[in-house]
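S.K.:
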Ligand SMILES: [Zn+2]
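Residue numbers (the working numbering): 9 to 365.
In C-alpha cells form, the structure reads like this:
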C-alpha cells in the first residue's frame, strides 16, 4: 500500500512538473519566415527606428462577474515587466485600456477546441491580450506566429516570480519562434546545431532561424538558471543554451533577455507584416489637420510615441456628446481652442504613456 502511495505521489509530482513545463504551445504553422540579409539591408532605416506598439487587455470573468482572470494591479505590473524586457530592443507599448467581459465560457478557455471564440472580442487596431481565469494545460498561447492576439492564464499574470509569460507570447506575435524550435512548417525535423561556423552551422535556417540565440534542446534549467540538460546536437557538440532568453522554456523567473537578433526580427515584422504595421503608432501627431473638427460619437484613440499636439495651429478640436476619445503619448499638448465637453456616456481621457522611455 505504501509503495502504491509512493508511486502515486511520484506520478503526481511528475505530472505537476510536466504541467509547469508547458509554457505555451505556439509553433510555426505556415512556411518558416526567414529574412535574408539583402531584405533587411533594404529596410535598415525602418528596422533600426524605435517602435511603439498598441496593446489592449480584455480580462474575462464569469457571467456573474466573479472569478475575474486577473486584477488591474497585476495586469499593470506584468505590462511594466514586459516594457522592461522590450526596452533594450527599442520596442515599447501604449496601453489602450483594460476591459472586463463577463463570460463564463471564455473565462475557462480550452485553446485547442475553442480558439476562435476569442475573435469577436478583439479591439481593432491593437495587439489584443486576453486573460482567462483558466487556460487548461497552458500558461499562454499566441495562436500563431506572427499574430495580433494572445491568451494568458490568470495564474501567469498573478504570479510574482513568473514575470515573462506575457513578454514571451508577445514575442511570438512579433514573429519569434522558440529558441528550441525543432521542426519546419511541414513538421520535418529542423534542429539547430551549436556550431556557428563550418559544416555543422545551420542557425540561419534551423531552430529559431536566429544565429545570436544559441542552439537549445529544451533540456531543462534549474532554479539558479543553469542548464542541466547535458544534450548534444547532431554533430555531437554539447548544448549551451541561453537560459535567460525570453523565448526558451526552462525556468520562467530566469527569462528576461531578447538578443539583438530577436529584436531585429521583431522590428522587421513590425515594419513588413501587413497585420502588424497598423498597430504601430507614429512618433508625433498633430490633430486636427484640416479645419475645425468636432467628434461627437464613437470610440477613438489618438496615440503617438513622442507627442500628440491638439489644436496646435489654426484648426481646433472639439469632443462632445457620446464620443469616447483617448489621447496618449509621452507628452500630450492641449492648446487653446481645444474643447472637451463629454455628455452622458461620453468620456475624454488624456494620459502620459508610462511604457516608453
Ligand atoms: Zn512559446
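For every residue, glycine included, the Cβ atom is placed at its ideal position computed from N, Cα and C.
By a C-beta neighbour count over all protein chains shown, 10 Å radius and 16 as the cutoff for buried, is residue 86 buried or exposed?
M.R.: To locate residue 86, count along the chain shown from 1; it is residue 78. Buried, since its Cβ has 16 or more Cβ neighbours within 10 Å.
S.K.: Shorter than 6 Å, the distance from the beta carbon of residue 219 to the closest heavy atom of ligand 1, or not?
M.R.: For the purposes of this step, residue 219 is taken as residue 211 along the chain shown, with counting starting at 1. No, since every heavy atom of ligand 1 falls outside the 6 Å radius drawn around the Cβ of residue 219.
S.K.: Under the DSSP definition of a beta bridge, which residues are partnered with residue 152?
M.R.: As a working mapping, residue 152 is identified with position 144 in the chain shown. In DSSP, residue 152 forms no bridge with anything.
S.K.: I want to check one thing, is the minimum distance from the CB of residue 32 to the heavy atoms of ligand 1 below 6 Å?
M.R.: For the purposes of this step, residue 32 is taken as the residue at position 24 of the chain shown. Yes, Cβ of residue 32 sits closer than 6 Å to a heavy atom of ligand 1.
S.K.: From what residue to what residue does the beta strand (DSSP E) around residue 328 run?
M.R.: Indexing the chain shown from 1 puts residue 328 at position 320. From DSSP, the beta strand (DSSP E) with residue 328 extends over 325–329.
S.K.: Over the uninterrupted beta strand (DSSP E) stretch that includes residue 308, give me the two end residues.
M.R.: For this step, residue 308 is matched to residue 300 along the chain shown. That run of the beta strand (DSSP E) goes 307–318.
S.K.: Taking the Cβ atom as the reference point for each residue, do residue 140 and residue 73 lie within a distance shorter than 7 Å?
M.R.: Locating residue 140 in the chain shown gives position 132, counting from the first residue. Locating residue 73 in the chain shown gives position 65, counting from the first residue. Result no, Cβ atoms of residue 140 and residue 73 do not sit closer than 7 Å.
S.K.: Given a threshold of 16 other Cβ atoms within 10 Å of its Cβ, counted over all protein chains shown, does residue 336 qualify as buried or as exposed?
M.R.: Here residue 336 refers to the residue found at position 328 when the chain shown is read from its first residue. Residue 336 comes out buried.
S.K.: Between residue 60 and residue 32, which are expected to be in contact by the criterion C-beta below 8 Å, what is the C-beta distance as a whole number of angstroms?
M.R.: To locate residue 60, count along the chain shown from 1; it is residue 52. To locate residue 32, count along the chain shown from 1; it is residue 24. The Cβ separation is near 25 Å, so there is no contact.
S.K.: For residue 222, name the three-state secondary structure that DSSP assigns.
M.R.: On the chain shown, position 214 is the one that residue 222 refers to. Here residue 222 sits in coil by DSSP.
S.K.: Enumerate in chain order the residues of its own chain whose CB-to-CB distance from residue 105 is below 8 Å, with the five nearest sequence positions on each side excluded.
M.R.: For the purposes of this step, residue 105 is taken as the residue at position 97 of the chain shown. These residues qualify, in order along the chain: 64, 65, 131, 334.
S.K.: So, helix, strand or coil for residue 62, using DSSP?
M.R.: If you number the chain shown from 1, residue 62 lands on position 54. In this structure, residue 62 counts as strand in the three-state DSSP scheme.
S.K.: Let me know the secondary structure DSSP gives residue 332 once reduced to three states.
M.R.: For the purposes of this step, residue 332 is identified with residue 324 of the chain shown, where counting begins at 1. Strand.
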